[in-house]
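Each remark here refers to the structure printed beneath this line.
Protein chains: 2
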Amino acid sequence: MVLLDGKETSKKIQEELKEKVDQLKKEGKKIPHLAAIIVGDNGASLTYVNAKVKACEKVGFESTLIKLSESTTEEQLMKRVKSMNENPDIDGYIVQLPLPKHINETKITMAIDPAKDVDGFHPENVGRMALGMPCFLPATPAGIMELLKRYEVPTEGKHCVVIGRSHIVGSPMAMLMWRNELPGNATVTITHSRTQNLKELCLQADIIVAALGKAEFLTAEMVKEGAAIIDVGITRVEDTSKKSGYRLLGDVKFDEVAAKASFITPVPGGVGPMTIASLMINTLKAIEMKELI
Amino acid sequence: MVLLDGKETSKKIQEELKEKVDQLKKEGKKIPHLAAIIVGDNGASLTYVNAKVKACEKVGFESTLIKLSESTTEEQLMKRVKSMNENPDIDGYIVQLPLPKHINETKITMAIDPAKDVDGFHPENVGRMALGMPCFLPATPAGIMELLKRYEVPTEGKHCVVIGRSHIVGSPMAMLMWRNELPGNATVTITHSRTQNLKELCLQADIIVAALGKAEFLTAEMVKEGAAIIDVGITRVEDTSKKSGYRLLGDVKFDEVAAKASFITPVPGGVGPMTIASLMINTLKAIEMKELI
Numbered sequence: 034m035v036l037l038d039g040k041e042t043s044k045k046i047q048e049e050l051k052e053k054v055d056q057l058k059k060e061g062k063k064i065p066h067l068a069a070i071i072v073g074d075n076g077a078s079l080t081y082v083n084a085k086v087k088a089c090e091k092v093g094f095e096s097t098l099i100k101l102s103e104s105t106t107e108e109q110l111m112k113r114v115k116s117m118n119e120n121p122d123i124d125g126y127i128v129q130l131p132l133p134k135h136i137n138e139t140k141i142t143m144a145i146d147p148a149k150d151v152d153g154f155h156p157e158n159v160g161r162m163a164l165g166m167p168c169f170l171p172a173t174p175a176g177i178m179e180l181l182k183r184y185e186v187p188t189e190g191k192h193c194v195v196i197g198r199s200h201i202v203g204s205p206m207a208m209l210m211w212r213n214e215l216p217g218n219a220t221v222t223i224t225h226s227r228t229q230n231l232k233e234l235c236l237q238a239d240i241i242v243a244a245l246g247k248a249e250f251l252t253a254e255m256v257k258e259g260a261a262i263i264d265v266g267i268t269r270v271e272d273t274s275k276k277s278g279y280r281l282l283g284d285v286k287f288d289e290v291a292a293k294a295s296f297i298t299p300v301p302g303g304v305g306p307m308t309i310a311s312l313m314i315n316t317l318k319a320i321e322m323k324e325l326i
Numbered sequence: 034m035v036l037l038d039g040k041e042t043s044k045k046i047q048e049e050l051k052e053k054v055d056q057l058k059k060e061g062k063k064i065p066h067l068a069a070i071i072v073g074d075n076g077a078s079l080t081y082v083n084a085k086v087k088a089c090e091k092v093g094f095e096s097t098l099i100k101l102s103e104s105t106t107e108e109q110l111m112k113r114v115k116s117m118n119e120n121p122d123i124d125g126y127i128v129q130l131p132l133p134k135h136i137n138e139t140k141i142t143m144a145i146d147p148a149k150d151v152d153g154f155h156p157e158n159v160g161r162m163a164l165g166m167p168c169f170l171p172a173t174p175a176g177i178m179e180l181l182k183r184y185e186v187p188t189e190g191k192h193c194v195v196i197g198r199s200h201i202v203g204s205p206m207a208m209l210m211w212r213n214e215l216p217g218n219a220t221v222t223i224t225h226s227r228t229q230n231l232k233e234l235c236l237q238a239d240i241i242v243a244a245l246g247k248a249e250f251l252t253a254e255m256v257k258e259g260a261a262i263i264d265v266g267i268t269r270v271e272d273t274s275k276k277s278g279y280r281l282l283g284d285v286k287f288d289e290v291a292a293k294a295s296f297i298t299p300v301p302g303g304v305g306p307m308t309i310a311s312l313m314i315n316t317l318k319a320i321e322m323k324e325l326i
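For the protein sequence lines, the chains are A and B, in the order given.
Each residue of the first sequence is one higher than the one before, starting from 34 at the first, in my numbering.
Each residue of the second sequence is one higher than the one before, starting from 34 at the first, in my numbering.
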């Protein structure tokens, strides 16, 4: 069994990006600049955004963090978005979700210039991905594809079962896996809450992507010997033995599934760190995307 | 076995659309106006375009057919596209594909205003479809969904195997079938040229959508008793007994598969006529889409 070490891979990607930034500096070229807008004081969101900004600094990108108060109106946020679109110094930016309830998330996402949409959430980027055109890929599926590539997990002609059809993980994951590219070229089954024979389908899978958000849902009896397992889930469960008071569980019952798997991602340290690495890759790409979108 | 009669259903849809147009006329509202641009003298393309324009006339839409010579430059076509985008009288339009080789199809498709893109080929419409937002659905998959709906073919929790991953049929078909809507909510497997165990997968399917373009590919031994069969293929094969000198074959070996199927589309007269009906539905929708895209 090979552990798909997202933490280590993410570090390596960040080192590679740092080298590229150093090269850009040497050549006197523009350094990628990522901005992030966060509205309100959601603790988890602040942690995520800070991690993104910190990662930017580490690879040598320029970064800007804009913190707006919970009472920011939709109109005020829209103005910020427009000024981001118009600012030639900002190559890519994200608006951290979720937004406070009085702001329409779809409206805000739609207002982001697709050429600066490093989260890849704008419909134009989603459509470009589906059509195999140049685009920003959504961070989590892109991070998984990067892991599959770097660990040379076989995908061509393999049967990949995706559990979950969310817009940010399950659906794009399915599309990337069936694309006529490598990694990809897999036969893909997408399953969800209405699926009737999930166990039977999982038992046929050469690759399983678990992205349903239920702690330790995927057990050994659902997995074929030698399957590759990607665990996107991350659930906090109370654990008084930990200093933090909780521990993180994935969607996969790790120990028993690992015993049957050919490849498996741990939680934490698997898909999670790859998500930030993907965002950094998208930011580097943002400069050339200006010409392509 | 129920025959999914696309010809009859398409007629019925066109009657319904005619009633709606009559209603719009009574209310003094704008009548939907579809334009079609065709470049060159490709016989099949001319037949398709003429059928579309004729269908428009039948339901009472306004229509404009612009025929441009084979020697039209990309720049000249681009000018036409821009004038279509700007013309407030045109609600929706299509540029008939394929285009002559000296014109970049992607560039032209990208230039079409997504709010007038009744073919649903622009990445913004593809992305909106993937995200479940208001959009123009591509005609063939939308026509199939309409057939499934009108014949009440069960889809929720059913296993749908799609054969083929093309951008205009297989991929969007998969996305529509897994959506959290009815028809839809199916478990979906997308298969293609690299799939290794197609027969085994097809034998599990409650619904098969055959869209690979190989005459009579799907045989009875690949189909489970009681499955619903959608045949998107259309291949001309020589037949001296016919006046035309050819007959049309689908991707499904009709007679033997029909004997096992619960529902099946014939070729011709199944999916084909639904494609034009979908385009008409999109054209009617185009007036309200101005506000939504």
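We treat Cβ as the ideally placed atom computed from N, Cα and C, and that holds for glycine.
Proximal residues to residue i (C-beta, below 6 Å), its chain only, five neighbours per side dropped
i, result
"phenylalanine 154 of chain A", "Thr142"
"cysteine 82 of chain A", "In the sequence as presented, cysteine is not what sits at residue 82 of chain A; that position holds valine. Ala69, Ile71, Gln129, listed in sequence order."
"leucine 67 of chain A", "Cys89, Phe94, Ser96, Gly125, Thr316"
"asparagine 118 of chain A", "Asp146"
"glutamate 189 of chain A", "Asn218"
"leucine 236 of chain B", "Lys257"
"tyrosine 184 of chain A", "Leu37"
"glycine 246 of chain A", "Gly266"
"glycine 73 of chain A", "Glu103, Pro133"
"lysine 51 of chain B", "Val92, Gly93"
Beta-bridge partners of residue i, as assigned by DSSP
i, result
"histidine 12 of chain B", "A query on residue 12 of chain B cannot be resolved here, the shown segment of chain B reaching from 34 to 326 and no further."
"histidine 192 of chain A", "A:Thr220"
"tyrosine 126 of chain B", "B:Ala68, B:Asp150"
"aspartate 55 of chain B", "None; aspartate 55 of chain B has no bridge partner."
"alanine 243 of chain A", "A:Ile196, A:Asp264"
"valine 35 of chain A", "A:Phe296"
"methionine 50 of chain B", "Residue identity differs from the one stated: residue 50 of chain B is leucine in this sequence, not methionine. Leucine 50 of chain B is not bridged to any residue."
"lysine 100 of chain A", "A:Ile71"
"leucine 251 of chain B", "B:Val285"
Burial state of residue i, where buried means 16 or more other Cβ atoms lie within 10 Å
i, result
"valine 270 of chain B", "exposed"
"histidine 192 of chain B", "buried"
"glutamate 214 of chain B", "exposed"
"glutamate 179 of chain A", "buried"
"valine 35 of chain B", "exposed"
"serine 274 of chain B", "exposed"
"alanine 238 of chain B", "buried"
"threonine 316 of chain B", "buried"
"serine 277 of chain A", "exposed"
"histidine 135 of chain B", "exposed"
"asparagine 158 of chain B", "buried"
"lysine 85 of chain A", "buried"
"threonine 220 of chain B", "buried"
"glutamine 56 of chain A", "exposed"
"threonine 298 of chain A", "buried"
"glycine 61 of chain A", "exposed"
"serine 116 of chain B", "exposed"
"glutamate 249 of chain B", "buried"
"proline 216 of chain B", "buried"
7 Å Cβ shell around residue i - same chain, five flanking residues per side excluded
i, result
"isoleucine 330 of chain B", "In the structure displayed, chain B extends from 34 to 326; residue 330 of chain B sits before or after that span and is not available."
"alanine 148 of chain B", "Met322, Lys323, Ile326"
"valine 265 of chain A", "Thr173, Val202, Val242, Ala243, Ala244, Asp284, Val304"
"tyrosine 279 of chain A", "Arg269, Val270, Glu271, Asp272"
"aspartate 122 of chain B", "His66"
"alanine 319 of chain A", "Pro65, Asp124, Gly125, Lys149, Val151"
"lysine 53 of chain B", "Leu317"
Other residues of its chain near residue i: CB distance less than 8 Å, five sequence neighbours each side excluded
i, result
"lysine 140 of chain A", "Glu107, Met111"
"cysteine 131 of chain B", "Strictly speaking, residue 131 of chain B in this sequence is proline, with cysteine absent from that position. The residues are Asn75, Ser78, Glu138."
"glutamate 258 of chain B", "Lys293"
"lysine 58 of chain A", "Ile64, Gly93"
"leucine 231 of chain B", "Ile196, Thr224, Met255"
"leucine 234 of chain A", "Val194, Thr222, Thr224, Thr228"
"isoleucine 314 of chain A", "Ile46, Leu50, Ala175, Glu179"
Test: residue i CB closer than 7 Å to a CB of chain C
i, result
"alanine 163 of chain B", "Judged by its chain identifiers, the structure shown contains no chain C, and its protein chains are A and B."
- Query: Using 8 Å as the Cβ pair cut-off and three pairs as the minimum, do the region 250 to 257 of chain A and the region 282 to 302 of chain A touch?
  - Reply: yes
- Message: Counting beta carbon pairs with one atom in the region 146 to 163 of chain A and one in the region 118 to 129 of chain A, are three or more of them shorter than 8 Å?
- Response: yes
- Message: Using a Cβ distance threshold of 8 Å, determine whether the region 96 to 107 of chain A contacts the region 43 to 61 of chain A, with at least three qualifying pairs required.
- Response: no
- Task: Determine, using beta-carbon pairs with one atom in the region 298 to 315 of chain A and one in the region 158 to 176 of chain A, whether at least three such pairs fall under 8 Å.
- Result: Short answer: they touch.
- Message: So within the region 268 to 296 of chain A, which uninterrupted alpha helix (DSSP H) runs reach at least 4 residues, ignoring any that extend past its ends?
- Response: 287 to 291
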